[in-house]
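Shown next as structure tokens:
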């Protein structure tokens with residue numbers, strides 16, 4: 001569906017009053033996922049736990065909006081997967097994702113080091129059968145990657161190198177990963193690892209909602225800063241910071257990523 005479709009523009013404009021743009025705040029935001037982190041660190045705890053260069057993390061993580069626990073965007077990201085979800089509820093995310101991908105194709109391709117060759121939706125790790133609800137919202141004309149889930153890590157929120165197995169030949173592929181929510185990022189980064197072990201040259205992850213939880217004290221400052229900015233579909237964290245890919249940042253900071261005195 002063309003990006004200039006009035007329904008898409010109108011729908012995203014309607015959502016803009018409750019969507020919150022991710023922000024880059026030196027000292028407060030994780031350089032990999034834009035969540036809150038502890039003082040003196042460059043990364044949040046989950047991203048720091050995956051900071052092994054051999055883990056082959058995503059070259060860029062691009063959340064479209066924050067999704068604060070209990071707020072509307074977080075609820076939409078939960079409801080759309082239910083069997084009784086309406087077409088209107090699913091269209092909310094369909095429009096948001098399509099508008100973002102079309103508007104920011106250039107910076108996503110730049111982060112990947114070239115045009116994408118493959119697409120993969122992060123598989124459900126909670127025993128969901130059939131087509132993932134998110135896959136119904138994505139109609140990009142890219143070959144998909146066949147991935148299976150290791151049930152030994154189905155319910156966990158930690159990074160595992162063997163959480164996923166790639167069954168396709170993807171040598172030198174540039175893969176666009178799409179997920180609905182990022183909580184710890186374990187699924188996205190575990191999938192990126194599996195893809196790169198299988199030969200992928202680069203991976204870029206686009207996430208509809210980067211979840212935040214105000215029960216974690218450092219989140220408060222990040223959330224206040226984000227709320228001071230108005231959401232615009234024209235905003236992209238890659239354009240905002242112009243940083244090198246995450247894997248390059250990790251390799252350069254891995255040895256010094258400790259709390260500062």
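Residue numbers (my numbering): 1 to 261. The beta carbon of each residue, even a glycine, is placed where N, CA and C say it ideally should be. Since the structure is predicted, the reported quantities are computational estimates derived from the model, not experimental observations.
query                                                                                                                    : result
Neighbourhood of residue 23 by C-beta, 6 Å cutoff - its chain only, sequence neighbours within 5 removed                 : 225, 226
Nonlocal neighbours in the same chain, by C-beta distance under 6 Å from residue 179, ignoring five residues either side : 122, 188, 207
When 20, 239, 136 are compared against residue 87, the one with the closest alpha-carbon                                 : 136
Integer-rounded CB distance, given that residue 77 should sit under 8 Å from residue 209                                 : 5 Å
Which listed residue (171, 150, 33) has its alpha carbon closest to that of residue 62                                   : 33
Own chain residues within Cβ distance below 6 Å of residue 114, not counting five before or after                        : 174
Candidates 118, 132, 164, of which the one nearest residue 142 by Cα                                                     : 118
Unbroken alpha helix (DSSP H) run spanning residue 202, endpoints                                                        : No alpha helix (DSSP H) holds residue 202; the beta strand (DSSP E) holding it covers 202 to 212.
contact_flag[the segment 192 to 201, the segment 66 to 82] where n(CB pairs < 8 Å) is 3 or more                          : no
As assigned by DSSP and simplified to three states, the class of residue 174                                             : strand
Three-state secondary structure assigned by DSSP to residue 58                                                           : coil
Rounded distance between the beta-carbons of residue 147 and residue 159, thought under 8 Å                              : In fact, because the Cβ distance is near 16 Å, the residues do not count as touching under 8 Å.
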